[in-house]
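Q:
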Amino acid sequence: QVAFRMLEKLGFAVETAENGAHALEALSKTRFDCVLMDIQMPKMDGLETCRRIRDPRSKVLDPDVPIIAITADVMPGNRQACLAAGMNAYLAKPILPNLLAAALKQWLPLPKGGRARRKEDG
Numbered sequence: 002q003v004a005f006r007m008l009e010k011l012g013f014a015v016e017t018a019e020n021g022a023h024a025l026e027a028l029s030k031t032r033f034d035c036v037l038m039d040i041q042m043p044k045m046d047g048l049e050t051c052r053r054i055r056d057p058r059s060k061v062l063d064p065d066v067p068i069i070a071i072t073a074d075v076m077p078g079n080r081q082a083c084l085a086a087g088m089n090a091y092l093a094k095p096i097l098p099n100l101l102a103a104a105l106k107q108w109l110p111l112p113k114g115g116r117a118r119r120k121e122d123g
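See below:
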């Protein structure tokens with residue numbers, strides 16, 4: 002919820018999925034610019050969800066979509082586990098707005114105009 006509000010304040014269109022299976026389903030129907038992946042989701046955790054997204058046999062439309070891990074688990078090795086699963090970046094909770102903005106700036110594809118797409122850009 003916190004990241005959702007931050008993203009909306011930054012002007013991004015946001016969709017949520019309540020678990021990994023729903024995320025995979027959404028990614029198989031819609032092409033997204035970026036995924037913020039909670040590591041501790043019910044039914045299928047973020048690491049497994051990421052592995053399935055990256056699997057070339059998956060039905061997701063863009064298996065190379067940038068994925069940013071979001072987790073409260075800051076145990077040693079967790080960052081490396083996220084990157085090994087195929088995530089592009091790692092943010093620890095509580096999420097700081099400036100770090101979220103920096104990660105998005107690094108990983109969001111730039112449109113032809115050279116700036117990140119906002120929801121008002123369509």
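Basically the numbering used here = 1-based index in the sequence shown + 1. For glycine and all other residues, C-beta sits at the position ideal for the given N, C-alpha and C.
So for Leu25, helix, strand or coil by DSSP?
A: Assigned with DSSP and collapsed to three states, Leu25 falls in helix.
Q: Comparing C-alpha positions only, which one of Arg58, Lys106, Met42 sits nearest to Ile71?
A: Met42
Q: In the DSSP assignment, find the unbroken beta strand (DSSP E) run with Ile68 in it and report its ends.
A: 68-72
Q: When the cut-off is 8 Å and only beta carbons count, does Glu49 lie next to chain C?
A: Absent from the structure is chain C; it holds one protein chain and no more.
Q: Is the stretch 26-41 close to the stretch 65-85, with three or more CB pairs under 8 Å?
A: yes
Q: Beta carbon of Leu62, beta carbon of Arg32: below 8 Å?
A: yes
Q: Closer than 7 Å to a non-hydrogen atom of the ligand MG - does that hold for the CB of Met38?
A: With respect to the ligand MG, the structure shown offers nothing to examine, as it has no ligands at all.
Q: Going by Cα to Cα distance, which pick from Leu11, Met45, Lys10 is closest to Ala18?
A: Met45
Q: With burial defined as no fewer than 16 other Cβ atoms inside 10 Å of the residue's Cβ, what is the status of Asn89: buried or exposed?
A: buried
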